[in-house]
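Some notes on the structure that comes next.
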Amino acid sequence: MPQLLQKNSLLQQFYFSKSEMDKLLIISCLFSLCMMMIRLLVTGKVLFLFLPWNLFLAYIPYYISSRLQLRPDWIAHKGKFALLLLIWLLFLPNSFYILTDLFHLELREESNRWFDLTLIFSFAWNGILLGILSVRQMERIFNLSVGIKNEFFFLYPVMWLNALGIYIGRYMRFNSWDVITDPFQLIGEISMMLIHPFRNFFAWGMIGCFSVLMTIVYISLKRIGKAMP
1 MPQLLQKNSL
11 LQQFYFSKSE
21 MDKLLIISCL
31 FSLCMMMIRL
41 LVTGKVLFLF
51 LPWNLFLAYI
61 PYYISSRLQL
71 RPDWIAHKGK
81 FALLLLIWLL
91 FLPNSFYILT
101 DLFHLELREE
111 SNRWFDLTLI
121 FSFAWNGILL
131 GILSVRQMER
141 IFNLSVGIKN
151 EFFFLYPVMW
161 LNALGIYIGR
171 YMRFNSWDVI
181 TDPFQLIGEI
191 SMMLIHPFRN
201 FFAWGMIGCF
211 SVLMTIVYIS
221 LKRIGKAMP
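Numbering (my numbering), first residue to last: 1 to 229.
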């Protein structure tokens with residue numbers, strides 16, 4: 001009986017007490033993890049075990065923005081808010097980065113490709129959801145604390161930095177924490193991109209396309225949410 005009560009308490013804490021959106025995220029993430037376990041058991045290969053780690057990194061900015069909504073005193077404290085905003089910006093690209101893991105489908109066998117497509121896309125979808133919800137939460141915080149007359153003044157700079165972070169992670173192979181562990185090499189690589197923009201046409205093209213795409217996705221989901229009864 002005590003064990004049953006303890007299990008019910010854990011369910012109440014981690015599922016039943018959550019909002020409808022959080023419940024949906026939990027179910028969706030569990031689906032992705034179940035697919036990962038099925039692939040591991042069937043193939044015996046650990047090829048995609050980086051996906052849960054990437055999803056965990058995608059959860060960090062959502063956790064930060066969710067906590068900020070519950071702690072207005074953190075927002076009022078300029079130093080603390082600036083630090084959390086910086087950390088949020090550093091980890092936000094991880095939410096959308098998983099979409100680029102679809103590149104790994106090129107190396108898969110044709111017979112298993114449908115399963116791997118579903119597997120990777122499910123993780124990517126969860127990452128995108130976490131990113132979109134986190135940006136929405138932060139947009140609300142900025143609206144209340146600063147006041148934004150036009151959403152694009154907040155949204156596009158965030159999505160541009162987001163796209164830059166995705167490029168840095170996918171092609172330069174830096175991680176979010178390299179800002180602290182390897183800042184000089186990171187700054188040097190970005191500086192070269194800025195100094196020689198035409199030599200890095202591919203990079204800026206990718207960053208521009210991704211920033212526009214993510215802006216369109218965000219606004220579309222935002223408008224759909226408002227339009228639905």
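Ideal Cβ placement from N, Cα and C applies to all residues, glycine included.
Would residue i and residue j qualify as a contact pair, given that the criterion is a beta-carbon distance under 8 Å?
i, j, result
"residue 134", "residue 62", "yes"
"residue 167", "residue 207", "yes"
"residue 93", "residue 205", "no"
"residue 130", "residue 218", "no"
"residue 68", "residue 180", "no"
"residue 39", "residue 50", "no"
"residue 105", "residue 117", "yes"
"residue 91", "residue 144", "no"
"residue 88", "residue 66", "no"
Would you kindly work out how many angstroms separate the C-alpha atoms of residue i and residue j, rounded to a whole number?
i, j, result
"residue 52", "residue 33", "7 Å"
"residue 137", "residue 84", "14 Å"
"residue 230", "residue 20", "No information on residue 230 is available, as it lies outside the stretch 1 to 229 that the chain covers here."
"residue 119", "residue 174", "25 Å"
"residue 152", "residue 113", "38 Å"
"residue 211", "residue 155", "10 Å"
"residue 201", "residue 186", "19 Å"
"residue 220", "residue 139", "15 Å"
"residue 222", "residue 209", "20 Å"
"residue 197", "residue 191", "10 Å"
"residue 163", "residue 41", "35 Å"
"residue 184", "residue 26", "38 Å"
"residue 193", "residue 171", "13 Å"
"residue 82", "residue 146", "13 Å"
"residue 121", "residue 189", "30 Å"
"residue 103", "residue 169", "14 Å"
"residue 226", "residue 30", "27 Å"
"residue 22", "residue 199", "44 Å"
"residue 35", "residue 76", "43 Å"
"residue 148", "residue 115", "43 Å"
"residue 203", "residue 95", "20 Å"
So, helix, strand or coil for residue i, using DSSP?
i, result
"residue 179", "helix"
"residue 6", "At residue 6 the pLDDT is 48, less than 50, meaning the model places this residue with poor confidence; the figure from the coordinates comes in the next sentence. If DSSP states are grouped into helix, strand and coil, residue 6 belongs with the helices."
"residue 48", "coil"
"residue 222", "helix"
"residue 148", "coil"
"residue 29", "helix"
"residue 170", "helix"
"residue 198", "coil"
"residue 77", "coil"
"residue 71", "coil"
"residue 213", "helix"
"residue 89", "helix"
Which term fits residue i, buried or exposed, when burial requires 16 or more other beta carbons within 10 angstroms of its beta carbon?
i, result
"residue 150", "exposed"
"residue 214", "buried"
"residue 79", "exposed"
"residue 37", "exposed"
"residue 55", "buried"
"residue 132", "buried"
What I want to know is whether the C-beta of residue i ends up closer than 7 Å to one or more non-hydrogen atoms of the ligand SAM.
i, result
"residue 76", "You won't find the ligand SAM in this model; it holds no ligand whatsoever."
Any 3 or more C-beta pairs closer than 8 Å across the stretch 89-105 and the stretch 121-134: Proximity of the stretch 89-105 to the stretch 121-134 meets the contact definition, three or more beta-carbon pairs being nearer than 8 Å.
Contact the stretch 56-75 vs the stretch 156-173: 3+ CB pairs below 8 Å: In short, these stretches do not touch, since the Cβ pair count stays below three.
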